[in-house]
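J.: Let me begin by handing over the structure; questions about it come next.
Chains as they are written, first to last, in full-length UniProt numbering: chain U, 1 to 201; chain V, 1 to 254.
Written out as structure tokens, the structure is:
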């Protein structure tokens with residue numbers, strides 16, 4: 001059994017940091033030590049920011065995004081096109097699309113994808129909320145920005161079925177060659193999809 | 001412990017930050033799970049999609065351990081299957097059926113049939129008929145096979161028209177006539193000599209037939225739900241056939 005090298009407060013800090021994605025026990029120990037060394041400049045403000053986030057962060061009841069206001073800033077932004085909804089699997093995907101800044105639309109976060117292996121069915125996702133949102137009117141296009149995985153595309157086809165009876169255009173992201181990608185290193189499936197959806201140059 | 005086998009990927013579950021637990025239907029080792037280290041990397045993710053055919057090396061210290069898979073591609077079908085609703089719901093349906101089997105129980109006949117089904121999933125009429133045959137084979141492998149070759153009452157092998165909901169055996173048109181309201185119609189494409197292509201009515205009748213026996217022998221006793229993908233697959237096939245026949249009518253008009 002390894003000897004304890006610090007008091008229970010520090011051990012607890014290390015244990016909690018080790019649960020953060022990307023950090024293991026060793027890197028958590030380094031992070032904890034760094035925070036302790038910069039107690040006033042980093043540890044104090046971080047603790048304050050985390051307490052604030054814990055008290056104020058909530059899930060947007062309209063789109064499922066996380067923000068400190070409900071509805072979130074994206075849903076209440078009058079400059080965004082309310083007629084277009086981009087459907088994403090997770091908040092991290094929403095943030096990725098926002099970083100790209102290619103579309104000035106609103107979002108809907110599904111909270112995952114249909115996955116029989118993980119026991120995730122339509123009731124565990126916010127599919128019903130999306131259908132209700134579209135059926136309220138004012139939406140002309142739904143962009144299915146789910147991952148190009150079998151589970152993601154199963155969810156996309158399921159959503160298409162659910163929205164089929166509504167007067168709304170359903171589109172999805174293109175599949176193909178990524179920027180900086182070399183053809184030689186791409187899998188056959190991606191190459192076939194890229195060739196199939198080729199565009200006039 | 002180590003073995004090599006060919007397999008078709010049924011699904012992958014995230015494990016930790018970088019790995020996945022892969023579920024594969026193998027030719028000689030049945031439905032098998034194993035850990036793939038680095039399975040969530042950009043390089044490995046396209047390979048570890050459901051429907052892909054792969055070569056596997058499984059290694060573990062003891063036979064009862066989960067073990068680790070080393071995966072090499074044979075045929076990457078996933079990207080092709082993702083394009084069509086029929087294909088993707090068909091793939092999820094056959095995967096859900098295979099999950100009814102115990103792990104590591106060899107079913108080489110099912111592996112061969114699965115490979116044939118995957119090759120035809122983009123042709124909805126053929127795919128639907130193949131999936132019905134696949135369901136009959138799954139029922140048989142689970143010990144609840146239907147006997148559609150001869151009449152349960154007279155023993156005759158021709159003019160079979162019904163299936164008994166209790167015994168799962170075929171009944172001839174003449175012998176079954178008095179109870180026809182209580183019997184399932186036997187779609188002609190399921191009869192052993194049949195070579196004709198099934199229409200949507202025959203396909204739906206066949207799906208009702210297999211549904212009944214799955215519910216009676218598998219889903220209800222085990223307390224599990226019918227997979228959502230099966231209903232979605234039937235809807236997608238019906239929609240495709242209706243659209244195709246509407247296009248045929250439009251083409252025939254002057």
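C-beta atoms are modelled at their ideal positions from N, C-alpha and C, and glycine is treated no differently.
Beta carbon of residue 227(V), beta carbon of residue 203(V): below 9 angstroms?
T.: Against a cut-off of 9 angstroms, the Cβ pair of residue 203(V) and residue 227(V) comes out as no contact.
J.: In the DSSP assignment, what residue or residues form a beta bridge with residue 70(V)?
T.: DSSP output for residue 70(V) lists 57(V) as bridge partner(s).
J.: Could you check which residue in 28(V), 38(V), 161(V) has the C-alpha nearest to that of residue 21(V)?
T.: The candidate whose alpha carbon is nearest that of residue 21(V) is 38(V).
J.: What ranges does the beta strand (DSSP E) occupy inside the UniProt domain "Toprim" (83-178) of chain U, keeping only unbroken runs of at least 3 residues that lie completely in it?
T.: Listed in chain order, they are 105-109, 141-144, 169-172.
J.: Between residue 34(U) and chain V, is any beta-carbon pair separated by less than 9 angstroms?
T.: With 9 angstroms as the cut-off, residue 34(U) does not count as an interface residue toward chain V.
J.: Mind listing the chain V neighbours of residue 117(U)? Cutoff is C-beta to C-beta under 7 angstroms, in chain order.
T.: By Cβ distance, chain V contributes 11, 13, 23.
J.: Using a threshold of 9 angstroms, state whether the C-beta atoms of residue 172(V) and residue 191(V) are closer than that.
T.: Their beta carbons are not under 9 angstroms apart, which means residue 172(V) does not touch residue 191(V) by this criterion.
J.: Is the beta carbon of residue 79(V) less than 9 angstroms from the beta carbon of residue 49(V)?
T.: Closer than 9 angstroms, so yes.
J.: Strictly under 9 angstroms for the Cβ-Cβ distance: is residue 189(U) near chain V by that measure?
T.: Closer than 9 angstroms to some Cβ of chain V, the Cβ of residue 189(U) qualifies, so yes.
J.: Please confirm if residue 176(V) has its CB atom under 9 angstroms from at least one CB of chain C.
T.: In the structure shown, chain C cannot be found, because the protein chains are U and V.
J.: From residue 144(V) to residue 217(V), what does the alpha carbon distance come to, in whole angstroms?
T.: Cα-Cα distance, rounded: 7 angstroms.
J.: Is it the case that the stretch 58-70 of chain V contacts the stretch 121-139 of chain U, given that we only count it when at least three CB pairs across the two stretches are under 8 angstroms?
T.: Short answer: they don't touch.
J.: Cβ closer than 9 angstroms: which chain V residues qualify as neighbours of residue 105(U)?
T.: Ordered by position in chain V, no residue passes the 9 angstroms Cβ test against residue 105(U), which lies about 24 angstroms from the chain.
J.: Whose Cβ in chain V lies nearer than 7 angstroms to the Cβ of residue 153(U)?
T.: The answer, in chain order, is 82, 88.
J.: Whether or not the stretch 31-48 of chain U and the stretch 104-113 of chain U are in contact is what I'm after, with contact meaning three or more pairs of Cβ atoms, one per stretch, closer than 8 angstroms; do they touch?
T.: In short, these stretches do not touch, since the Cβ pair count stays below three.
J.: Applying the 10 Å Cβ sphere with the 16-neighbour rule, what's the burial state of residue 89(V)?
T.: The residue in question, residue 89(V), is buried, as its Cβ has 16 or more Cβ neighbours within 10 Å.
J.: What residues of chain U sit near residue 227(V), judged by a beta carbon separation below 8 angstroms?
T.: Result: 116.
J.: Ordered along the chain, which non-local residues of its own chain (more than five positions away) have a Cβ less than 8 angstroms from that of residue 197(U)?
T.: If we look at residue 197(U) and ignore the five residues flanking it on each side, its Cβ neighbours are 174, 175, 176.
J.: Ignore the nearest five residues each way along the sequence and tell me which others in residue 215(U)'s own chain have a CB closer than 6 angstroms to its CB.
T.: Summary: the structure shown does not reach residue 215(U), with chain U confined to residues 1 through 201, and so no result is reported for it.
J.: Following the continuous alpha helix (DSSP H) through residue 12(V), name the residue where it begins and the one where it ends.
T.: First-last for residue 12(V): 2-15, but that is the beta strand (DSSP E), not the alpha helix (DSSP H).
J.: Helix, strand or coil: which one does DSSP assign to residue 76(U)?
T.: Three-state result, residue 76(U): helix.
J.: Do residue 56(V) and residue 5(V) have their C-beta atoms within less than 9 angstroms of each other?
T.: Closer than 9 angstroms, so yes.
J.: Identify the contact partners of residue 7(V) in chain U, using a Cβ-Cβ distance below 8 angstroms as the criterion.
T.: The premise fails here: residue 7(V) is roughly 15 angstroms from chain U at the closest Cβ pair, so nothing lies under 8 angstroms.
J.: Does residue 69(U) come out as helix, strand or coil in the three-state DSSP assignment?
T.: Coil.
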